[in-house]
Structure formats: structure tokens, C-alpha cells
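Structure, as C-alpha cells:
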């Protein structure tokens, strides 16, 4: 990344390119990880049925996220 003995235009260009592309690389690796996790599933060494302790997303997590969003918005409004 370092273009020579001094910080010059080549070094700054390479660092800018690295800092611009790095989040996209991380996002791509995360998507690949989630794809593989979705295809194969999580590791379950005990063989326990995991469907028994699941709760639905919409009634619980949707309202929880909505309340959190409203609280954070109100905090920012009152600042």
C-alpha cells in the first residue's frame, strides 16, 4: 500500500482505494457467510429439535424494534 519512502500521491491513492473497497469486501464476505449458513444450517451436535423454542418474528421483534426506533428518535429530537 505504501508507495515509497514518503507519503505522496501514490500512497494516498492506494489508501483511499483500500478504504473505499474494504466495506464492500466485508459486506460481500458477510453475504457469502449468510448464504452458506442458510444452505447448511447451524451446527447442532446434540441433535435437539430447535423448532420448539422459536418465536415468530412479526409480533415480537417488529414491535420491539419499532419501540426502540421511536425511543431513539425521541431522544435525538429532544437533544
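In my numbering, the protein residues as written are 722 to 800. A virtual CB, placed ideally from N, CA and C, is assigned to each residue, including glycine. Keep in mind that this is a model prediction, so the values were computed, not measured.
Tell me where the alpha helix (DSSP H) around residue i begins and ends.
i	result
residue 730	730 to 761
residue 790	784 to 799
Roughly how many angstroms separate the alpha carbons of residue i and residue j, rounded to a whole number?
i	j	result
residue 800	residue 783	26 Å
residue 777	residue 728	54 Å
residue 742	residue 797	31 Å
residue 756	residue 726	43 Å
residue 781	residue 737	42 Å
residue 759	residue 753	10 Å
residue 730	residue 751	32 Å
residue 786	residue 733	41 Å
Within its chain, find whatever has a CB closer than 6 Å to the CB of residue i; leave out the 5 residues flanking it on each side and keep chain order.
i	result
residue 793	none
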